[in-house]
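Worksheet: one structure, shown below.
Residue numbers (my numbering): 7 to 316.
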């Protein structure tokens, strides 16, 4: 059990409307997790946590809850539970979810979950397509991947999960990843437009969430999986557009954020500091300490769930 102040990070939930996927929680799972956390930690509401952090009064066992990616399942399932329990959390929102052409990360996830009975069947198709591009280079990169112990800080990922993410983020450049995913979606007669409305919350939902006492925060505009690979102007645009959108919606300055996929660099931190962002969260507990107010660690709820079962 980690004894350092942090946030517990949540993404996906499921019920009759929202499909189960890797690591997703039901309403009852979420309630059990909060009960477990209350026995081992002190859960503070987002505003309280922020104030205590800034005052330097947080204890090692003080934690908060946070939600990434503006997912509709969070609003439908997690928010009502927290309302009943009197808990307010951080909600980190990427603004492209409200565009006509949103970042496809969640669309691809929904495709995998709805069109494949087993995630490894999807991986089998995906790896095959990548290998067809250049079998020699594919093999060379797999050997390199094995040497890296890639994404070791995320123990809940399977080997196929990690190899897939390596190919997506380190090997497939330009639009190649999107081209491969579109090819697979066409093969499976998957219609993107029919699923968009059920994946993300609405702007009205954001306003309602903020009105319930939750804190709305930045999560970039288009949710790049590797922010650190973008130039300074590109990173600045990511966060300025995100800030303008969210501040315009709730009518208040935005002062909190989380790093998409936990990826950032010193340039990112400088940009966020210049924007007067007070605190920011990473995406893992791999760094056992808080290097700056913009680098507060987070524990993925999948790790908590695993610990609950031990």
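Ideal Cβ placement from N, Cα and C applies to all residues, glycine included. Predicted, not measured: the structure shown is a model, and the values here were computed from it.
Residue pairing of residue 262 in beta bridges, as defined by DSSP: 285. A residue is called buried when at least 16 other Cβ atoms come within 10 angstroms of its Cβ; residue 282 does not meet this threshold and is exposed.
If you compare the alpha carbons of 257, 66, 41 with that of residue 210, the shortest gap goes to 257. Residue nearest to residue 289 within the set 177, 232, 261 is 232 (criterion: CA-CA distance).
In the three-state reduction of the DSSP assignment, residue 131 falls in the helix class, which pools H, G and I. No Cβ-Cβ contact shorter than 8 Å links residue 98 with residue 186. The stretch 158–238 is shown to contain whole beta strand (DSSP E) runs of 3 or more residues at 221–224, in chain order. Cβ contact annotation for residue 55 (same chain, cutoff 6 Å, sequence separation greater than five): 70, in chain order. Ranked by how close their Cα comes to the Cα of residue 39, the residues 254, 88, 138 have 88 in first place. Between residue 13 and residue 72, the beta carbon gap of about 4 Å places them in contact (Cβ cut-off 8 Å).
According to the DSSP assignment, residue 12 belongs to the beta strand (DSSP E) that extends over 12–16. According to the DSSP assignment, residue 34 belongs to the alpha helix (DSSP H) that extends over 33–46. If you look at residue 98, you'll find it in the beta strand (DSSP E) that goes 96–99. Distance from the CA atom of residue 15 to the CA atom of residue 76, rounded to whole angstroms, is 13 Å.
Within 10 angstroms of the beta-carbon of residue 215 lie 16 or more other beta-carbons, which makes it buried. DSSP places residue 250 within a helical segment (H, G or I) once states are collapsed to three. Beta-bridge partners assigned by DSSP to residue 302: 287. The beta-carbon separation of residue 244 and residue 230, rounded to 7 Å, stays under the 8 Å limit for a contact. By the Cβ criterion, the stretch 79–88 is in contact with the stretch 32–51, since at least three pairs of Cβ atoms, one from each stretch, lie closer than 8 Å. In the three-state DSSP reduction, residue 30 falls in the coil class, being neither helix nor strand.
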